[in-house]
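Just so you know, the sequences run in chain order B and H.
Our numbering puts the first residue of the first sequence at 1, with every later residue one more than the last.
Our numbering puts the first residue of the second sequence at 1, with every later residue one more than the last.
There are 2 protein chains.
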Amino acid sequence: MTQKVALNAPVLRKNDEFAAENRAWFAARRWTVINLMSGPGAGKTTLLEKTLPRLATRRCAVIEGDMQTDLDASRIRAVGIAAHQINVNSCHLDARMVGEAARTLIAVDPDLLFIENIGNLVCPAAYDLGEAWRVTVFSAAEGSDKPRKYPKMFLQSDAVVINKIDLAPYCDVSLEELLESVRAVSPRAAVFPLSSRTGEGLEAWVEWVAAREVR
Amino acid sequence: MTQKVALNAPVLRKNDEFAAENRAWFAARRWTVINLMSGPGAGKTTLLEKTLPRLATRRCAVIEGDMQTDLDASRIRAVGIAAHQINVNSCHLDARMVGEAARTLIAVDPDLLFIENIGNLVCPAAYDLGEAWRVTVFSAAEGSDKPRKYPKMFLQSDAVVINKIDLAPYCDVSLEELLESVRAVSPRAAVFPLSSRTGEGLEAWVEWVAAREVR
């Protein structure tokens, strides 16, 4: 779609300026920022619910992005973590929204800030939010073809979480297939097969998160 | 995102013109067109693989939309149905792409044409393709909050398929919750809970599809 790309170029350029401002602002405060992206229902919020209580050495906060509802922010607050909900009629968060949301968390002063992006495997990949780390989550129930079909997001990720591995046997997909499919598209990413529901594999993921620093 | 909406307004207007042309073109040929939308991995292609062989009274064809790969078109052809693959660096199909793809199917002259949109619960909802019927698919593994969180696509749908209901027991979600969540957002849609994998519930869906006409 040449037409749309051309029209969006100034939007993306403006976004990159806001992202650079965010990055400097985060660095000055030593906030390490992780941008969590996935299609709808891959399990980002449940992953955060299980991860946050295990990050005792870090002071955490979350920015939640959704088109509608503040269900996700409520779920994060229920595990005792500060959360700011962004509701926006858009298919992705942008750097300006995140910059504004971050200001509401100054009193919390997190040293680890998660941004849970809007559920979409396509558009969020194009929008730098000023984060230090990018993580893509996908679920075993989505099938092993997803990394190849939506390569941009996987290519740019520092880590890929393969969630819901407890469902793999009921989805006719093996863990090996899932791992190979990720490695083919994200050779440099740390890969974490896990189940937020059963807790399997969570430990390695939590360790990786706990070790993130501003960069 | 006022800025993006403003920039996209001409794109959407132009798309509506192409969609109106498509609709007239389809109607003149008596092609009944169904636009199938979902997030990534909800199971649109598998649903088509199971549905197409059961539509013996109709002459079918499929337009497949993906960012990358022609995996889906190959799967459709493997069940003996003509399929045209669109690969596009975009988060949705638009009416112009569909109009061009439809021309490649003139020799097939389908009386039932499925368009499998790009896996995304947000952007495809804004793009009229000239279809007669809109169907949203989501998977029990995505959780019952999806209709409320992505209401636009569900609101506009003539039918909603709740796929992978065989996974519900492993996802701590009941069929009642899933049905209620759809009915709350899509009161006018026909709702089909089913499992493409086990075949449960397929019959009612196939009957609905088989009865679709140009309108």
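Even glycine gets a Cβ: it sits at the ideal position worked out from N, Cα and C.
Cβ distance (whole Å) where residue i is taken to contact residue j below 8 Å
{"i": "B/Gln101", "j": "B/Ile63", "result": "Note that residue 101 of chain B is Ala in the sequence shown here, rather than Gln. Contact flag correct, Cβ pair sits at about 5 Å."}
{"i": "H/Ala61", "j": "H/Ile81", "result": "7 Å"}
{"i": "H/Asp166", "j": "H/Arg134", "result": "The Cβ separation is near 25 Å, so there is no contact."}
{"i": "H/Gly99", "j": "H/Asn22", "result": "5 Å"}
{"i": "H/Trp205", "j": "H/Thr51", "result": "7 Å"}
Residue i - partner residues in DSSP beta bridges
{"i": "H/Asn22", "result": "Answer is none; H/Asn22 lacks a bridge partner."}
{"i": "H/Ala189", "result": "Bridge partners of H/Ala189: none, in fact."}
{"i": "B/Leu113", "result": "B/Val33 and B/Ala61"}
{"i": "H/Asn87", "result": "H/Asp66"}
{"i": "B/Thr136", "result": "B/Met37 and B/Val160"}
{"i": "H/Ala82", "result": "H/Ala61"}
Between the CA atoms of residue j and residue i - distance to the nearest angstrom
{"i": "H/Ala141", "j": "B/Ile118", "result": "17 Å"}
{"i": "B/Leu113", "j": "H/Arg215", "result": "50 Å"}
{"i": "H/Ala56", "j": "H/His84", "result": "20 Å"}
{"i": "B/Glu17", "j": "B/Val11", "result": "10 Å"}
{"i": "H/Ala159", "j": "B/Leu194", "result": "34 Å"}
{"i": "B/Val161", "j": "B/Leu47", "result": "10 Å"}
{"i": "B/Leu178", "j": "H/Ala24", "result": "44 Å"}
{"i": "H/Pro147", "j": "B/Met37", "result": "19 Å"}
{"i": "H/Glu131", "j": "H/Arg212", "result": "12 Å"}
{"i": "H/Ala27", "j": "H/Leu129", "result": "13 Å"}
{"i": "H/Ala125", "j": "H/Asn35", "result": "10 Å"}
{"i": "B/Thr104", "j": "B/Ile115", "result": "14 Å"}
{"i": "B/Ser90", "j": "B/Cys123", "result": "10 Å"}
{"i": "B/Pro53", "j": "B/Val79", "result": "7 Å"}
{"i": "H/Asp66", "j": "H/Asn87", "result": "5 Å"}
{"i": "H/Asn163", "j": "H/Gly39", "result": "12 Å"}
{"i": "B/Tyr150", "j": "H/Gln68", "result": "7 Å"}
{"i": "B/Thr45", "j": "H/Asp70", "result": "32 Å"}
{"i": "H/Leu202", "j": "B/Glu49", "result": "35 Å"}
{"i": "B/Val191", "j": "B/Leu175", "result": "12 Å"}
{"i": "B/Trp208", "j": "B/Met97", "result": "27 Å"}
{"i": "H/Leu155", "j": "H/Arg13", "result": "21 Å"}
{"i": "B/Asp145", "j": "H/Ala19", "result": "30 Å"}
{"i": "H/Leu93", "j": "H/Val108", "result": "21 Å"}
{"i": "B/Leu121", "j": "B/Phe138", "result": "9 Å"}
{"i": "H/Arg59", "j": "H/Ile106", "result": "12 Å"}
{"i": "H/Ala9", "j": "B/Met153", "result": "26 Å"}
{"i": "H/Ala184", "j": "B/Val185", "result": "39 Å"}
{"i": "H/Tyr127", "j": "B/Asn15", "result": "24 Å"}
{"i": "H/Ala210", "j": "B/Tyr170", "result": "29 Å"}
{"i": "H/Thr136", "j": "B/Thr136", "result": "24 Å"}
Residue i burial status per 10 Å Cβ neighbour count (16 or more: buried)
{"i": "H/Arg30", "result": "exposed"}
{"i": "H/Ala73", "result": "buried"}
{"i": "H/Pro187", "result": "exposed"}
{"i": "B/Pro110", "result": "buried"}
{"i": "H/Ser157", "result": "buried"}
{"i": "B/Asp172", "result": "exposed"}
{"i": "B/Gly43", "result": "buried"}
{"i": "B/Ser181", "result": "buried"}
{"i": "H/Gly41", "result": "buried"}
{"i": "B/Gly199", "result": "exposed"}
{"i": "H/Ala189", "result": "buried"}
{"i": "H/Gln3", "result": "Since pLDDT at H/Gln3 reaches only 38, below the 50 mark, its modelled position is unreliable, and the value read off the structure follows with that caveat. Label assigned to H/Gln3: exposed."}
{"i": "B/Ala168", "result": "buried"}
Of all the residues that make up the stretch 16-38 of chain H, which are near chain B by a beta-carbon distance shorter than 7 Å? Here the close residues number zero.
Could you run through the stretch 141-153 of chain B and flag, in chain order, every residue whose CB is less than 9 Å away from some CB of chain H? Along the stretch 141-153 of chain B, going in chain order, the ones with a CB nearer than 9 Å to a CB of chain H are Ala141, Glu142, Gly143, Asp145, Lys146, Arg148, Lys149, Tyr150, Pro151 and Lys152.
Given a limit of 7 Å on CB to CB distance, which residues of the stretch 54-76 of chain H reach chain D? Protein chains in the displayed structure are B and H, and chain D is not among them.
Report the residues of the stretch 162-179 of chain H with a CB closer than 8 Å to any CB of chain B, ordered along the chain. Cβ contacts with chain B come from Lys164, Asp166, Leu167, Tyr170, Cys171 and Asp172.
Taking beta-carbon pairs under 8 Å, can you tell me which members of the stretch 112-139 of chain H lie near chain B? For the stretch 112-139 of chain H, which is checked against every Cβ of chain B, the residues closer than 8 Å are Ile118, Gly119, Asn120, Leu121, Val122, Cys123, Phe138 and Ser139.
Name the residues in the stretch 190-202 of chain B whose C-beta lies less than 9 Å from a C-beta of chain H; which are they? Those would be Arg197, in chain order.
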